[in-house]
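So the sequence lines, in the order shown, correspond to chains V and E.
Take any residue in the first sequence, count from 1 to its spot, add 31: that is its number in the working numbering.
Take any residue in the second sequence, count from 1 to its spot, add 4: that is its number in the working numbering.
Yeah, the Cβ is synthetic: ideal placement off N, Cα and C, and Gly gets one too.
The structure appears right after this line, and notes come after that.
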Amino acid sequence: MDFVCSLPLFMIIASLFSGVLCLLLKKKAAYTLSSILLGFVTVSDAIVLYYTSVHSTFTYPMGEFPAPWGNEIRAGVLECIILLVFMIVLCCALPAGYKYLLQEVDETKHNLYCAILNLAVASVAALVFTNDIFTGYVFLEILTLASCGLMVATEVGRIVLAGVRYMIMNLLGSSLFLLGVVLLYGMTGHLLMVPLGQSLTEVAADPQMMLTITFAIGVLTIGLAIKSGLFPFYFWMPDTYGWSTPTTAAFMSSVVSKAYIFLLIKIYWRVVGMELMKDMPLHVILLVLGIGGVIIGSLSAIRTNDVNRMVAYSSAAQIGYIFMSMGIGGRAGYVAAILHLLGHSVTKSLLFLVTPRLEEISGNSMIFKDLQGSALRDRPSGFFFTVCSLSMTGVPAFAGFSSKLYILLAAWEVQSYAVFVAVIVALAVSTALNALYFIRTVIRIYSHSEKEEREAPAPRRHSPAYLIPAWTLVALNLFLGLFPAVTAGLIDSGFGMLL
Amino acid sequence: MLDTLLSNYQEAVAMILFVIGFATLLFQRNLIRKLIGMNIMDAGLFLFLTSLGYINGRKPPIIEVQEAVADTYINPVPSGLVLTGIVVSVSVTAVMLSLSIRLYKRYHTLDMDEIYAMTLKEREEQD
């Protein structure tokens, strides 16, 4: 076995160790160690991505027990590309939001924050690479605990309350997921995805068992849907994302909720299989809930008068897009879902990092009317916000456009008139709604307020710790938008390897 | 129907516990009650898992002789899963309790709705 095959496990273990080390270090040293670790995981993941795209997928058996008994790590193109984008987002979110971390988190707790962040990285990597659904459950819970820890690091009453509400919703979700896992284990006697899938196909041959299988996969799906914030379970989102410190908000909206969705996709493809999925009404339900999320999320975003909450509600709409695309069914639908997932990760993290800068220059207010003219006072942040808004709306050349195009093409490919009409109507309505609230905000931040008329704004200087990550995310956004075929081709070959 | 339920009474009880816990966690307003609900829910799941692994008339999987026959023992995997699950459940409970203490210290109540109302008031005062 090549050395590269041990890298995924090494990433997880290094993150865990670095987390423990952070507890012993002072704040600056803990921050440096975390940055090094994020860089290490990113680079190793890029190496594994190259290795899997040249050779093929590989599984790494843990301990000495072979396949049906032992635990396994599995790496393919799809896993690596997802983790790579997650890690790039995190590498950008930590330095760009560090300024606010210093302000909002108590000085004695900076190393704790870094420790929890490392723990979260370990659990994200484990969730992406694991080939065992019970390991998936364990790291799901660790990720929930870690993200709650990152949230309540800012010890403000309302954030602690938001953290508690987030935990309660997530606990309901995890317990439903565990129920699904237990039922699947009871029917098949396996926990590893491949033997579980094979055994499930045999069990499904008995028509009486179909109801139990549908129930098991159904509760598992609902569990992960609650955790990732699909309509109608999205109401914890605005408080959670809107009030946390920017790094946490970017991490939670771009990485945590997406990691849950990826686990669900992996279970659908490797355990249930697309043949069995056709016998269950799951795709239709996902499609309907996805469309619901797209519309209701956008409507809620329009109604709010707080820019942070608007960005958070738009996450609910974007999660809706991902589930809608999955609900289209077929490989093209899932490829489009992953493409949208990546595009949204890149865009939303930048939005959460930029919005606080605009608020800061407007007297720390999140209300729209106070933000008037903020882009004129802070040109770079205004530019970044505009790029994200254009991407979210779906203007050509940005990530949001290419993924929406792929969703549309996927809907065309299934050759079902009803699905195509539903998707095209949802896309049209939501694009109009997105344009309404994002472009409205862009116009507002660029229009002169009375303050500017009285005094000319001094040009604002930003540190490279903010500008470099932000430009990286803009470049990644443009790459996904201008060359979607490259990423989609990789994702498609990744799905081929999943089977 | 009733026969099936009676013959699988462990699973039936486990599911009833799960639903009770789930509803308590979702609908109770008091944080401590919510936490109790969460633990009942987890207990239901663990009971379900344990009963899956238990096979009537077999011994616990502790091998005393070298030539052990697998058919004489119950399935040890669910027990292992339950142990892992308990660890997860305990840590989640600990975190939730610590958050409840923080909220109680600040707002002097454990009622989620009251706390929410107070946070809204706080925000209005800030603005």
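Open item on the list: Counting only Cβ pairs nearer than 7 angstroms, list the residues of chain V close to residue 67 of chain E.
Closed with: As a first step, residue 67 of chain E must be located in the second sequence, where it is residue number 63. The premise fails here: residue 67 of chain E is roughly 16 angstroms from chain V at the closest Cβ pair, so nothing lies under 7 angstroms.
TODO: Would you mind telling me which residues of chain E sit closer than 8 angstroms to residue 198 of chain V, beta carbon to beta carbon, in chain order?
DONE: Indexing the first sequence from 1 puts residue 198 of chain V at position 167. Going along chain E in sequence order, the residues near residue 198 of chain V (Cβ under 8 angstroms) are 96, 99, 100 and 103.
Task: Given residue 90 of chain V as reference, the closest of V:127, V:81, V:161 and V:128 once Cα atoms are compared - done: Translated into positions along the first sequence, residue 90 of chain V becomes position 59. It is V:161 whose Cα lies nearest to the Cα of residue 90 of chain V.
- [ ] Look up residue 142 of chain V in the DSSP assignment and say whether it is helix, strand or coil.
- [x] For the purposes of this step, residue 142 of chain V is taken as the residue at position 111 of the first sequence. Note: residue 142 of chain V maps to helix in three-state DSSP.
- [ ] Output the distance between the C-alpha atoms of residue 341 of chain V and residue 289 of chain V, rounded to the nearest integer angstrom.
- [x] Locating residue 341 of chain V in the first sequence gives position 310, where the first residue counts as 1. Locating residue 289 of chain V in the first sequence gives position 258, where the first residue counts as 1. Going by the C-alpha atoms only, they are around 19 angstroms apart.
TODO: Classify residue 96 of chain V as buried or exposed, calling it buried when 16 or more other Cβ atoms lie within 10 Å of its own Cβ.
DONE: As a working note, residue 96 of chain V is residue 65 in the first sequence. The residue in question, residue 96 of chain V, is exposed, as its Cβ has fewer than 16 Cβ neighbours within 10 Å.
TODO: Tell whether a beta-carbon distance below 8 angstroms holds between residue 318 of chain V and residue 441 of chain V.
DONE: Position 287 of the first sequence, counting from 1, holds the residue named residue 318 of chain V. Position 410 of the first sequence, counting from 1, holds the residue named residue 441 of chain V. Not closer than 8 angstroms, so no.
TODO: Decide if residue 13 of chain E is buried, meaning its Cβ has at least 16 other Cβ atoms within 10 Å, or exposed.
DONE: By 1-based counting over the second sequence, the position of residue 13 of chain E is 9. Looking at its Cβ environment, which holds fewer than 16 other Cβ atoms inside 10 Å, residue 13 of chain E is exposed.
Task: Proximity winner among V:273, V:214, V:224 and V:150, relative to residue 197 of chain V (alpha-carbon distances) - done: Position 166 of the first sequence holds residue 197 of chain V. Ranking the options by Cα distance to residue 197 of chain V, first place goes to V:273.
Open item on the list: Below 7 angstroms on C-beta distance, what does residue 119 of chain E contact in chain V?
Closed with: Taking the first residue of the second sequence as 1, we reach residue 119 of chain E at position 115. Those within 7 angstroms of residue 119 of chain E in chain V are 192.
Task: Proximity of residue 407 of chain V and residue 497 of chain V at Cβ, strictly below 8 angstroms - done: Within the first sequence, the letter at position 376 stands for residue 407 of chain V. Within the first sequence, the letter at position 466 stands for residue 497 of chain V. Taking 8 angstroms as the Cβ cut-off, residue 407 of chain V and residue 497 of chain V do not qualify as a contacting pair.
Task: Limits of the unbroken alpha helix (DSSP H) element including residue 357 of chain V - done: As a position in the first sequence, residue 357 of chain V is number 326, starting the count at 1. Counting along the chain, the alpha helix (DSSP H) containing residue 357 of chain V begins and ends at 338-359.
Open item on the list: Quick check: what's the CA-CA separation for residue 34 of chain V versus residue 528 of chain V?
Closed with: Start at 1 with the first residue of the first sequence, and residue 34 of chain V comes out as number 3. Start at 1 with the first residue of the first sequence, and residue 528 of chain V comes out as number 497. The straight-line gap from Cα to Cα measures roughly 21 angstroms.
Task: Exposed unless 16 or more other CB atoms sit within 10 angstroms - verdict on residue 135 of chain V - done: Here residue 135 of chain V refers to the residue found at position 104 of the first sequence. Burial call: buried.
TODO: Alpha carbon to alpha carbon, how far is residue 133 of chain V from residue 145 of chain V? Give it in angstroms, no decimals.
DONE: Locating residue 145 of chain V in the first sequence gives position 114, counting from the first residue. Locating residue 133 of chain V in the first sequence gives position 102, counting from the first residue. Residue 145 of chain V and residue 133 of chain V: Cα-Cα distance of roughly 12 angstroms.
Open item on the list: Can you tell me which residues form a DSSP beta bridge with residue 106 of chain V?
Closed with: Taking the first residue of the first sequence as 1, we reach residue 106 of chain V at position 75. Answer is V:89, bridged to residue 106 of chain V.
Task: Beta-carbon spacing of residue 353 of chain V, residue 292 of chain V below 8 angstroms - done: To locate residue 353 of chain V, count along the first sequence from 1; it is residue 322. To locate residue 292 of chain V, count along the first sequence from 1; it is residue 261. Yes, the pair counts as a contact, with Cβ atoms nearer than the cut-off.
- [ ] Could you run through the region 27-58 of chain E and flag, in chain order, every residue whose CB is less than 8 angstroms away from some CB of chain V?
- [x] 29, 30, 35, 38, 42, 45, 46, 49, 52, 53 and 56
Task: Range of the contiguous alpha helix (DSSP H) that encloses residue 314 of chain V - done: By one-based count along the first sequence, residue 314 of chain V stands at place 283. From DSSP, the alpha helix (DSSP H) with residue 314 of chain V extends over 313-334.
Task: Alpha-carbon to alpha-carbon, residue 40 of chain E and residue 431 of chain V - done: Position 400 of the first sequence, counted from the first residue, corresponds to residue 431 of chain V. Position 36 of the second sequence, counted from the first residue, corresponds to residue 40 of chain E. Going by the C-alpha atoms only, they are around 44 angstroms apart.
Task: Interface residues of the region 153-186 of chain V facing chain E [CB-CB below 9 angstroms] - done: 165, 168, 169, 172, 173, 175, 176, 179, 180, 183 and 186
TODO: Answer yes or no: does any C-beta atom of chain V fall closer than 8 angstroms to that of residue 87 of chain E?
DONE: Walking along the second sequence from the start, residue 87 of chain E turns up at place 83. No, no contact with chain V.
Task: Distance between residue 385 of chain V and residue 465 of chain V (C-alpha atoms, nearest Å) - done: The residue labelled residue 465 of chain V in the question sits at position 434 within the first sequence. The residue labelled residue 385 of chain V in the question sits at position 354 within the first sequence. The straight-line gap from Cα to Cα measures roughly 18 angstroms.
Open item on the list: Please report whether the beta-carbon of residue 128 of chain E lies at a distance below 8 angstroms from any beta-carbon of chain V.
Closed with: In the second sequence, the residue the question calls residue 128 of chain E occupies position 124. No, residue 128 of chain E does not count as interfacial toward chain V.
Open item on the list: What does DSSP give as the partner residue(s) for residue 439 of chain V in the beta ladder?
Closed with: The sequence position of residue 439 of chain V within the first sequence is 408, counting from 1. According to DSSP, which records beta bridges pairwise, residue 439 of chain V is partnered with nothing at all.
- [ ] Following the continuous alpha helix (DSSP H) through residue 264 of chain V, name the residue where it begins and the one where it ends.
- [x] Reading the first sequence from its first residue, position 233 is the one you call residue 264 of chain V. Residue 264 of chain V -> no alpha helix (DSSP H), and no H or E assigned at all.
- [ ] Mind listing the chain E neighbours of residue 213 of chain V? Cutoff is C-beta to C-beta under 9 angstroms, in chain order.
- [x] Walking along the first sequence from the start, residue 213 of chain V turns up at place 182. 49, 52, 53, 56, 82 and 85, listed in chain order.
Open item on the list: I'd like to know whether the C-beta atoms of residue 509 of chain V and residue 428 of chain V end up nearer to each other than 8 angstroms.
Closed with: Here residue 509 of chain V refers to the residue found at position 478 of the first sequence. Here residue 428 of chain V refers to the residue found at position 397 of the first sequence. Yes, the pair counts as a contact, with Cβ atoms nearer than the cut-off.
Task: chain E residues whose Cβ lies nearer than 7 angstroms to that of residue 394 of chain V - done: Taking the first residue of the first sequence as 1, we reach residue 394 of chain V at position 363. Those within 7 angstroms of residue 394 of chain V in chain E number zero; the least Cβ separation is about 11 angstroms.
- [ ] Taking only beta-carbon positions, decide if residue 111 of chain E is within less than 8 angstroms of chain V.
- [x] Residue mapping note: residue 111 of chain E aligns to position 107 of the second sequence, counting from 1. Yes - at least one Cβ of chain V is within 8 angstroms of the one on residue 111 of chain E.
Task: Contact between the region 387-396 of chain V and the region 367-378 of chain V (3+ Cβ pairs under 8 angstroms) - done: no
Task: Residues bridged to residue 161 of chain V [DSSP beta-bridge criterion] - done: Start at 1 with the first residue of the first sequence, and residue 161 of chain V comes out as number 130. Per DSSP, V:104.
Open item on the list: Using 8 angstroms as the threshold, is the C-beta distance between residue 255 of chain V and residue 203 of chain V below it?
Closed with: Here the question's residue 255 of chain V lines up with position 224 in the first sequence. Here the question's residue 203 of chain V lines up with position 172 in the first sequence. No, the Cβ-Cβ distance between residue 255 of chain V and residue 203 of chain V is not below 8 angstroms.
Open item on the list: Going by DSSP, what residue range makes up the alpha helix (DSSP H) through residue 100 of chain E?
Closed with: The residue given as residue 100 of chain E occupies position 96 in the second sequence. Taken as a continuous stretch (DSSP letters only), the alpha helix (DSSP H) holding residue 100 of chain E covers 80-111.
TODO: Run through the region 213-237 of chain V for me and flag every whole alpha helix (DSSP H) of 4 or more residues, listed as ranges in chain order.
DONE: 224-235
TODO: Flag this pair as touching only if the region 201-221 of chain V and the region 113-123 of chain E have three or more C-beta atom pairs under 8 angstroms; answer yes or no.
DONE: no
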